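Residue numbers (my numbering): 950 to 1107.
Ideal placement from N, C-alpha and C gives every residue a C-beta, glycine not left out.
All figures in this text were calculated on a predicted structure; none of them were measured in a lab.
Here the structure is laid out as structure tokens; the discussion comes afterwards.
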């Protein structure tokens, strides 16, 4: 499964952290500004991997048995700019764990980042196909799809 860190997700994340950690207003504003910068410049997808064994597949390693790609609305494949495992003590993991009871010792959460697209800023039309996150390898392929392209564009796909 996967969650795209869109504006709603990021705002709720900031509100939850502010409330749970009793953050002072300057810290909340700093966190909000950090989340806005991230949203404006990249697409972050929280990817949930269930491995079912104690053997871990590290998506970040070059010899990983899996590749993660984003197919844009024109069918072009994009490589991630960063893949980072979210550790169990990370506030993001704790926040997600509040809503997803399926996180356990066989689950891994990764933040997979892609650059925001700038087609509309350059005057190019938005494509007609849905965006797809593809996790593929010798053992199989999983494709997750988003029909609304706005979160993948710098200006919201206007």
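Next item on the list: Indicate whether at least one CB of chain B lies closer than 8 Å to the CB of residue 1038.
Entry: The structure shown contains no chain B, having only a single protein chain.
Check: Between 1050, 1008 and 1062, which lies nearest to residue 1019 when the distance is taken from Cα to Cα?
Finding: When only C-alpha atoms are compared, the closest one is 1062.
Check: Taking the Cβ atom as the reference point for each residue, do residue 1021 and residue 1066 lie within a distance shorter than 8 Å?
Finding: Closer than 8 Å, so yes.
Next item on the list: With DSSP as the reference, please indicate the residues paired to residue 1086 in a beta bridge.
Entry: DSSP lists 1015 and 1089 as partners of residue 1086.
Next item on the list: Can you tell me which of the three DSSP states residue 978 falls into?
Entry: If DSSP states are grouped into helix, strand and coil, residue 978 belongs with the helices.
Margin query: Taking the beta strand (DSSP E) that residue 1040 belongs to, which residues open and close that run?
Written below: Premise fails: residue 1040 lies in the alpha helix (DSSP H), 1040-1048, not in any beta strand (DSSP E).
Note to self: Just verifying my parser: in three-state terms, what is the DSSP assignment at residue 963?
What the structure shows: helix
Checklist line | Span of the beta strand (DSSP E), counted from its first residue to its last, around residue 1108 | finding: Nothing can be reported for residue 1108: it is not among the residues displayed for the chain, which extend from 950 to 1107.
Margin query: I'd like to know if the segment 1034-1042 and the segment 1076-1089 are in contact, where contact means that at least 3 CB-CB pairs between them fall below 8 Å.
Written below: no
Next item on the list: Find the nearest neighbour of residue 1042 within the set 965, 978 and 957, judged by alpha-carbon distance.
Entry: Closest by alpha carbon: 965.
Check: Taking the beta strand (DSSP E) that residue 1063 falls in, what are its first and last residues?
Finding: 1056-1064
Next item on the list: Indicate whether the contact test is met: 3 or more Cβ pairs, each with one atom in the segment 1008-1018 and one in the segment 1084-1097, closer than 8 Å.
Entry: yes
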